[in-house]
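Chains as they are written, first to last, in the working numbering: chain U, 2 to 241; chain V, 150 to 494. Ideal Cβ positions, reconstructed from N, Cα and C, are used throughout, including at glycine. In this text the structure is predicted, and so the values were computed from the model without any measurement. Here's the structure, in structure tokens; my notes come after.
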Amino acid sequence: MGDKLIEVKNAVFGYGGRPVVQVEHLELFRGQCLGIFGPNGSGKTTLVRGITGLLSPMAGQVKHELSVSTSDLRIGYLPQHRNLELHWPMTALDAASLAISARRIFGWIGIRSKDVLAMMDRLQISQFANRPFAALSGGQQQRVLLSGALAGDPTVLVLDEPTEGLDVRSTQELLDLLRQFIAEGLATMIISHEADDLVQVSREIAWLHPASDVGQASRVEIVTPQTLGEAILSAARRVV
Amino acid sequence: MKKQPRWIILLTVSIAWLFSCFSLSAAQTTQPSDSVDQSTQEMLKELQSVPQTRSAGNPIVSSAPSTEDALAPQTPAIDWWHLIRYDFPLMLITAAAVGVAGALLGLFVLLRREALVALAIPQVVAIGAALGMRLEWNNKLLPALGVALIALIYFARSKRWNAGNWIVPSFYVAGLCLSFLLIANHGQDVEDLQRMFTGVDVAVDRKTAAIAIPVLLVVGLICALLWRRWLLLAQAPAAAELAGLRPTRWDALFLLLLTIVILLGTNALGVVMVLAMLFLPAATILPWTRRLPAAMLGGVILSLIFLAAGFYLSNTMNWPLSQSIGGAGCGALAISQLAAQFKGD
Numbered sequence: 002m003g004d005k006l007i008e009v010k011n012a013v014f015g016y017g018g019r020p021v022v023q024v025e026h027l028e029l030f031r032g033q034c035l036g037i038f039g040p041n042g043s044g045k046t047t048l049v050r051g052i053t054g055l056l057s058p059m060a061g062q063v064k065h066e067l068s069v070s071t072s073d074l075r076i077g078y079l080p081q082h083r084n085l086e087l088h089w090p091m092t093a094l095d096a097a098s099l100a101i102s103a104r105r106i107f108g109w110i111g112i113r114s115k116d117v118l119a120m121m122d123r124l125q126i127s128q129f130a131n132r133p134f135a136a137l138s139g140g141q142q143q144r145v146l147l148s149g150a151l152a153g154d155p156t157v158l159v160l161d162e163p164t165e166g167l168d169v170r171s172t173q174e175l176l177d178l179l180r181q182f183i184a185e186g187l188a189t190m191i192i193s194h195e196a197d198d199l200v201q202v203s204r205e206i207a208w209l210h211p212a213s214d215v216g217q218a219s220r221v222e223i224v225t226p227q228t229l230g231e232a233i234l235s236a237a238r239r240v241v
Numbered sequence: 150m151k152k153q154p155r156w157i158i159l160l161t162v163s164i165a166w167l168f169s170c171f172s173l174s175a176a177q178t179t180q181p182s183d184s185v186d187q188s189t190q191e192m193l194k195e196l197q198s199v200p201q202t203r204s205a206g207n208p209i210v211s212s213a214p215s216t217e218d219a220l221a222p223q224t225p226a227i228d229w230w231h232l233i234r235y236d237f238p239l240m241l242i243t244a245a246a247v248g249v250a251g252a253l254l255g256l257f258v259l260l261r262r263e264a265l266v267a268l269a270i271p272q273v274v275a276i277g278a279a280l281g282m283r284l285e286w287n288n289k290l291l292p293a294l295g296v297a298l299i300a301l302i303y304f305a306r307s308k309r310w311n312a313g314n315w316i317v318p319s320f321y322v323a324g325l326c327l328s329f330l331l332i333a334n335h336g337q338d339v340e341d342l343q344r345m346f347t348g349v350d351v352a353v354d355r356k357t358a359a360i361a362i363p364v365l366l367v368v369g370l371i372c373a374l375l376w377r378r379w380l381l382l383a384q385a386p387a388a389a390e391l392a393g394l395r396p397t398r399w400d401a402l403f404l405l406l407l408t409i410v411i412l413l414g415t416n417a418l419g420v421v422m423v424l425a426m427l428f429l430p431a432a433t434i435l436p437w438t439r440r441l442p443a444a445m446l447g448g449v450i451l452s453l454i455f456l457a458a459g460f461y462l463s464n465t466m467n468w469p470l471s472q473s474i475g476g477a478g479c480g481a482l483a484i485s486q487l488a489a490q491f492k493g494d
């Protein structure tokens with residue numbers, strides 16, 4: 002296992018004094034893929050915001066081990082391709098440059114567009130660079146966005162429902178790509194409600210259990226992919 | 150059916166639009182002299198008997214026509230150079246600055262789906278202007294700016310509560326009502342406010358132009374240079390947040406830039422011209438571009454073409470300028486939208 006990047010201890014995250022999710026202990030290492038699984042409204046996004054430092058904990062602590070300042074921990078983000086506003090005129094290269102432009106003054110990317118093109122080339126989508134983004138298929142769009150997120154050379158990559166709306170083949174291609182980058186040392190956090198996808202790529206999964214009472218925080222349980230798979234299977238058997 | 154290249158469709162659209170503009174003006178200039186009625190003939194005779202001064206009316210001709218000229222079959226030729234160089238240079242340069250800034254901001258207003266905000270801001274600005282009139286202040290710009298800023302802050306906050314959808318239309322109605330209630334029974338003020346809304350009798354003084362032109366151009370430039378930022382905030386606000394940006398602050402900056410353009414444009418040229426320049430060039434160019442820089446450049450060029458066409462129509466047809474620009478823009482927009490149905494992508 003690589004260097005430890007993030008450690009969360011006895012933390013509670015929430016908004017406006019209302020706790021949403023509580024974590025006993027969670028760690029993220031270089032080259033690790035942490036799946037974040039739970040039903041809608043269980044606090045998956047809140048948990049990621051807390052882990053990445055966007056949301057201060059109401060209790061407990063979040064430690065970014067890489068350096069003293071949070072900004073040194075480069076966090077990349079892969080948005081859901083279905084959430085993008087396709088009525089904006091933009092090419093695939095423009096869409097892929099979003100992640101890099103976020104870290105540049107006034108958003109100017111200048112010569113960094115070469116990095117984006119190089120990553121597009123590695124992901125075998127450079128032929129789409131000048132095509133309108135809206136004209137690409139869902140799978141191609143997701144690869145374009147992934148190339149942009151990776152071109153920013155992130156320490157931790159957060160993927161928000163990356164396989165949502167993709168067909169089986171595109172899903173498999175995307176997961177294969179992710180496995181390659183994880184093997185090269187990229188730490189990833191994948192938010193998903195597709196247990197199958199998480200089981201394929203994650204070493205550990207943070208499973209959010211919503212509280213039975215309204216106003217109480219969801220509880221996070223760290224499980225192995227096998228445990229999650231078996232739990233889902235037994236739940237399915239009970240339904241049948 | 151084989152797809153037509155994009156430029157052929159654009160060229161056809163442009164020619165059709167220019168042809169329609171010239172046809173309209175040609176129809177006006179070739180009207181028979183019979184249309185000059187008895188009272189007009191008498192008025193022209195009176196005019197001939199007094200020393201000539203430069204006409205401030207619309208249309209403006211190279212010299213005052215004699216009775217014989219007026220009764221002759223041809224309408225006197227318009228001295229365009231004189232009009233542009235001596236009669237309306239300030240107004241034209243200010244309108245061009247409104248066109249440049251309006252086209253750039255307007256593109257993002259449409260893409261960010263904030264057109265209703267852009268429609269509401271002039272009404273809010275009018276409340277400030279009416280307040281200035283009521284209190285008999287010389288400077289109407291300051292109260293207008295103050296009220297606009299208060300409204301802007303309230304609107305930005307209402308977006309956080311997800312109340313923007315009903316706050317903005319309420320601002321629109323409040324502006325329409327309160328501005329006129331503030332100056333009710335003050336005849337001249339009501340007339341001034343109506344003129345601000347309709348944009349008829351456009352005139353720009355040196356002081357107004359000196360403030361409006363540089364500020365509008367700088368605001369347009371800032372908006373254009375930040376195009377990747379606006380794109381990022383629309384597409385992936387979470388990525389922006391993770392990179393340490395504050396999307397709400399950037400949204401507030403955009404609204405501030407928009408307010409400045411609308412405020413200065415309305416103060417100088419009236420609401421109609423500002424809204425025409427905000428919406429029409431951007432809406433006309435959007436179906437034809439694949440990237441934002443091309444859309445921005447195309448919008449700016451179109452806004453200047455609309456200004457030229459509107460100025461031409463206004464002087465040849467004796468139409469109000471703002472509405473002529475809006476009319477030219479609407480014509481181009483209609484043709485662009487129709488032609489866009491036939492282009493292949």
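When you compare only the Cα positions, how much space is there between residue i and residue j?
i       : j       : result
G54(U)  : N334(V) : 59 Å
L234(U) : A267(V) : 54 Å
A431(V) : A252(V) : 6 Å
K64(U)  : V9(U)   : 6 Å
V273(V) : L137(U) : 42 Å
D116(U) : L151(U) : 10 Å
N464(V) : I227(V) : 8 Å
A489(V) : R439(V) : 13 Å
R306(V) : S319(V) : 15 Å
A103(U) : A392(V) : 6 Å
W371(V) : P363(V) : Strictly speaking, residue 371(V) in this sequence is Ile, with Trp absent from that position. Distance between the alpha carbons of I371(V) and P363(V): 12 Å.
L290(V) : A297(V) : 10 Å
A188(U) : V13(U)  : 23 Å
Q472(V) : K492(V) : 30 Å
H245(U) : F257(V) : In the structure as shown, chain U begins at 2 and stops at 241. Residue 245(U) is therefore absent and cannot be evaluated.
R309(V) : E86(U)  : 20 Å
L265(V) : V247(V) : 19 Å
For the ligand ZN, is there any heavy atom lying closer than 7 Å to the beta carbon of residue i?
i       : result
T438(V) : In the structure on display, the ligand ZN does not appear, and there are no ligands present to speak of.
Tell me, please, which residues DSSP counts as bridged to residue i.
i       : result
G77(U)  : L158(U)
M190(U) : L35(U), V159(U)
L27(U)  : V9(U)
L209(U) : V221(U)
F14(U)  : V22(U)
A60(U)  : V13(U)
H65(U)  : I7(U)
Keeping to the same chain, check which residues put their C-beta closer than 7 Å to that of residue i; ignore five residues upstream and five downstream.
i       : result
R204(U) : Q33, C34
A250(V) : L365, L366, V368, G369, V410
D338(V) : M282, I332
A389(V) : L381, L382, P396
A477(V) : C170, F455, A458, G459, L462
T408(V) : I270, A297, L301
Residues in its own chain within less than 8 Å of residue i by CB, not counting five upstream and five downstream?
i       : result
A212(U) : A218, S219, R220
E174(U) : G140, R144
G15(U)  : V21, V22, T47, M59, A218
V240(U) : none
S328(V) : Q272, A275, I276, A278, A279, L342
With burial defined as no fewer than 16 other Cβ atoms inside 10 Å of the residue's Cβ, what is the status of residue i: buried or exposed?
i       : result
A481(V) : buried
N416(V) : buried
F107(U) : exposed
A205(V) : Bear in mind that a pLDDT of 35 at A205(V), under 50, signals an unreliable position, so the model cannot answer this.
A383(V) : buried
L330(V) : exposed
T225(U) : exposed
G216(U) : exposed
W379(V) : buried
P386(V) : buried
K45(U)  : buried
Q62(U)  : exposed
Can you list, in chain order, the residues of its chain whose CB lies under 6 Å from that of residue i, leaving out five sequence neighbours each side?
i       : result
S171(U) : G140
Assuming residue i and residue j form a contact by the criterion Cβ under 8 Å, report the distance between their Cβ atoms to the nearest whole angstrom.
i       : j       : result
L176(U) : Q201(U) : 5 Å
A293(V) : L412(V) : 6 Å
L342(V) : A275(V) : 6 Å
L435(V) : L259(V) : 7 Å
T243(V) : A361(V) : 5 Å
M120(U) : A130(U) : Actually they do not touch by this definition, with Cβ atoms about 11 Å apart.
L178(U) : L147(U) : 7 Å
I191(U) : G36(U)  : 5 Å
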